[in-house]
Structures are given as structure tokens and as C-alpha cells.
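Peer 1:
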Amino acid sequence: MNTPLNRTTREMKINNVVLVTNTLKSLGTATKGELAGNTSLSIATCGAVLNELSLSGEVLALEFEESRGGRPAQRYAYNPDYFSVLSLYAAGSDTSAEIIWSLSSATGETLDQGELLFQPLGLATFYQTLDALLTKYPKVRAIGIGLPGVVGENGTVASCDISLFTGITIVQQLEEKFGIFSQAGNDMNYTAYGFYRNSCAGVSAPVAYIYKPELPCTGCGIVINGKVLHGANNFAGEVSHLPFNYQTLLPDTEEIAQTIVSLAAIINPVTVAISGPKINESQLADILSICHQHIPEKHMPTLIYRHSIRQDYLQGIAELTLQNYNFHRLFEL
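With this note's numbering applied, the sequence shown covers 95 to 427.
#1: Assign I274 to one of three DSSP states: helix, strand, or coil.
#2: When the distance is taken between beta carbons, is E413 closer than 9 Å to Y287?
#3: State the start and end residues of the unbroken alpha helix (DSSP H) segment that holds I193.
#4: On the three-state DSSP scale, how would you describe D206?
#5: Please say whether K126 and G141 have beta carbons closer to each other than 9 Å?
#6: Sorted by chain position, which residues of the same chain lie with C-beta nearer than 6 Å to Y290's C-beta, five sequence neighbours on each side aside?
#7: Which residues does DSSP list as the beta-bridge partners of Q168?
#8: Look at L182 and G238 and say whether their C-beta atoms are less than 9 Å apart.
#9: In the structure shown, what three-state DSSP assignment does K230 receive?
#10: On the DSSP bridge list, what partners appear for S369?
#11: Since C254 sits in a beta bridge, which residues does DSSP pair it with?
#12: If you follow the beta strand (DSSP E) that V179 is in, where does it begin and where does it stop?
#13: Can you check which of these residues, P337, I137 and A185, is closest to L258 by C-alpha distance?
#14: If you run the structure through DSSP and keep just helix, strand and coil, what is N280?
#15: Under the three-state reduction of DSSP, which class applies to C314: helix, strand or coil?
#16: In whole angstroms, what separates the C-alpha of L144 from that of V153?
#17: Quick test of your reading: Y407 and T285, contact by CB under 8 Å. State the CB separation rounded to the nearest angstrom.
#18: What is the DSSP secondary structure of L336, reduced to helix, strand or coil?
#19: Would you give the residue range spanned by the beta strand (DSSP E) that L149 belongs to?
#20: May I have the straight-line CA-CA distance separating N109 from R423, to the nearest angstrom?
#21: Taking DSSP as the reference, what is the three-state secondary structure of V322?
#22: Answer with buried or exposed for N283, where buried requires no fewer than 16 other C-beta atoms within 10 angstroms of its C-beta.
Structure representation (C-alpha cells):
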């Protein structure tokens, strides 16, 4: 979450809340003194923030520590049940599709997850599925949706492999129907971010994720310095438009290798994850061999095979939705 620069007393107060809550989440539990030491805020400021958040239920006041001669210090923890986040993605095509979902806590732990066939294939089915999940989990305060397509900054789907979503102002429709903070994004951007958080957290160098689906439409997501690369209008990563992908039908290993070569020459990633039903781990050696014909070994990224995109994808949706919802409720409401 990008915290705005301090400009007003209100924003200074909110920034203090962000500092305290983020630090409390990272520490697990803490006293006012420990939070002050980790945030550079005064004990009085930390205490005021904790008192306010305890009253709202966002923070839990735990047991007192054993006295060491003075007044015992109380420990605090962020309340994981304060709200929950629903992460959901639709995968497939106009022929066959499925809906994969997970529920996570306010601190990011997975609480439940599942999958179901997307039948009949229509918007009514999609919204009925969401309605059923929201009824089952009434503490959901944010929804994150992943789609195999291009989603604009305003939440409009420019194109999608499941064509019923194309042209839909999906974020606006979700918020109007359910009255809950919603966001939608590209499948590969979410997956790349989830992979980054799972396997490369803290790495500032570029990380990429290539997915080879059953459809002839290879996808790619890119994370640089911990941020998803969207491009000028959310088209970054649409590697199926590279000339060698749409002008000729290359063998899968050749196509993936050419994509990696292109990425190496443009963003020089340190790691590239590869996944999808058209690629298996035994093909990595052939992919590497083709890449080495074009890229010196010292510039080659590490290749990592992922058996499934599911957990990376769901984690990416959950973490980015949680970040954006926290920013929304603190700075935009």
C-alpha cells in the first residue's frame, strides 16, 4: 500500500494508524513500547492509536505481561476476524470454464477455498455464485476478481478469453450489486505477484511469470521492485502479440524460449516462472538450450517450473485486494 505524503493533521493521524497496524501485523503481538521502538512514534501516540482501534475491534487487547517492578505492559494483536477478503477467478474459455475462490482474513491467512464449474456460462451464474459466497461469509468487505483478459484501470474488461465478460464494467457492477469494495485485474498480473510474494519477496530485480494455456494465447505477468508492471494502459505482458507468436505456429518450447529471450533483452529478469497445461518440467532443459543460443549465460534468468498457477493466482488476488482495500478504507472513505 502506497501511503500518501503527510499534508494534513488527518493524514498524519492516518499515517500513524498505518504504521502501527502494519508493524503490529508483522510482529504478531506487541506492547505500546515495542511498537514505539519499531515505528519511531512516541509511546503516547502508539497508545492513542491502539485505544482507538481497540474500541472499533480492529485491534485486540490481550493479556498483560508479568510485572518487572513497574506497571505491567499490555500486549496487543491485530484482529484477523475484523473483516475478510473474497478472492475469485474465472478460468477457461467460451467452451468450458470454472470458478476458483478463496477466503482470507484481515491479516492474510487463508480461511477457506473451493472451485466449481461455471455452468451455465453467463453473467447471471457468475453473480449468483458471488451472492452465495457473500451470504455464506458475511464478514467479506472486499472482493478481488481475476480474469483471463485485459482489464482497464476503470474496471472495464477490454477483452477476455471468456467473451461474456468483454466490454463489461465489472467493478462498477460488483459495487452496485453488493455494496462492497471491488477490484478486477488480469490473471497473469495477479499470478506473477502471488509468485513474487511466495518465492521472491524482497527482490527488487524484475521477476516474470509465463503461462502457456490450452488456448493459443500465452500470457505473462511482470513484477519490478515489488510492483506489478501494468504499462501505459494495462497491456504489459501481452506476449501473445509478439511477432513470433501470432505469425507462425511454433513448438511450445520454442515459443516459451523466444518469449524468455525477449524478456531478457528488455527487462532482464532475475527469475522467470513457467506454468501451464502445455508445458511440463522435463521441457525446461530444451527451453534453456534454445535460450542459450541467443543470451549469454550470465544474463539468463533462473527458470522455475510451477505445477499449477492456482495458489500463486489466489495469493496475488488476495494480497493486492487487501492492500487496496486498506488504502481505500483509510484514505478514500
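The beta carbon of each residue, even a glycine, is placed where N, CA and C say it ideally should be.
Peer 2: Short version:
#1: As a first step, residue 274 is located in the sequence shown; it is residue number 180 there, counting from the start. Reduced to three states, the DSSP call for I274 is coil.
#2: Position 193 of the sequence shown, counting from 1, holds the residue named residue 287. Position 319 of the sequence shown, counting from 1, holds the residue named residue 413. Yes, these two residues count as a Cβ contact at 9 Å.
#3: Numbered from 1 along the sequence shown, position 99 holds the residue referred to as residue 193. I193 -> not in any alpha helix (DSSP H); beta strand (DSSP E) instead, spanning A191 to S199.
#4: Along the sequence shown, read from residue 1 onward, the residue named residue 206 stands at position 112. Here D206 sits in strand by DSSP.
#5: Locating residue 141 in the sequence shown gives position 47, counting from the first residue. Locating residue 126 in the sequence shown gives position 32, counting from the first residue. Yes, the Cβ-Cβ distance between G141 and K126 is below 9 Å.
#6: Looking up residue 290 in the sequence shown gives position 196. The answer, listed in chain order, is V301 and V317.
#7: As a working note, residue 168 is residue 74 in the sequence shown. For Q168, which the question treats as bridged, DSSP gives the partners F158.
#8: Here residue 182 refers to the residue found at position 88 when the sequence shown is read from its first residue. Here residue 238 refers to the residue found at position 144 when the sequence shown is read from its first residue. Yes, these two residues count as a Cβ contact at 9 Å.
#9: Here residue 230 is taken as the residue at index 136 of the sequence shown, counted from 1. Here DSSP, grouped into helix, strand and coil, assigns K230 to helix.
#10: Here residue 369 is taken as the residue at index 275 of the sequence shown, counted from 1. Note: S369 sits in a beta bridge opposite Y305.
#11: Along the sequence shown, one-based indexing puts residue 254 at 160. Beta-bridge partners of C254 (DSSP): G243.
#12: Reading the sequence shown from its first residue, position 85 is the one you call residue 179. V179 -> beta strand (DSSP E) spans S178 to G186.
#13: As a first step, residue 258 is located in the sequence shown; it is residue number 164 there, counting from the start. Checking every option, the nearest Cα to that of L258 belongs to A185.
#14: Numbered from 1 along the sequence shown, position 186 holds the residue referred to as residue 280. Judged by DSSP in its simplified three-state form, N280 adopts strand.
#15: Within the sequence shown, numbered from 1, the residue matching residue 314 stands at position 220. In the structure shown, C314 sits in a strand (DSSP, three-state: E or B).
#16: Residue numbering aside, residue 144 sits at position 50 when the sequence shown is read from its first letter. Residue numbering aside, residue 153 sits at position 59 when the sequence shown is read from its first letter. Going by C-alpha positions, L144 is about 7 Å away from V153.
#17: Counting from 1 along the sequence shown, the entry for residue 407 is found at position 313. Counting from 1 along the sequence shown, the entry for residue 285 is found at position 191. Right, their Cβ atoms sit about 4 Å apart.
#18: In the sequence shown, residue 336 corresponds to position 242, counting from 1. In this structure, L336 counts as coil in the three-state DSSP scheme.
#19: As a first step, residue 149 is located in the sequence shown; it is residue number 55 there, counting from the start. L149 -> not in any beta strand (DSSP E); alpha helix (DSSP H) instead, spanning I137 to S150.
#20: As a first step, residue 109 must be located in the sequence shown, where it is residue number 15. As a first step, residue 423 must be located in the sequence shown, where it is residue number 329. Their backbone Cα atoms lie some 13 Å apart in a straight line.
#21: On the sequence shown, position 228 is the one that residue 322 refers to. Note: V322 maps to strand in three-state DSSP.
#22: By one-based count along the sequence shown, residue 283 stands at place 189. So N283 ends up on the buried side.
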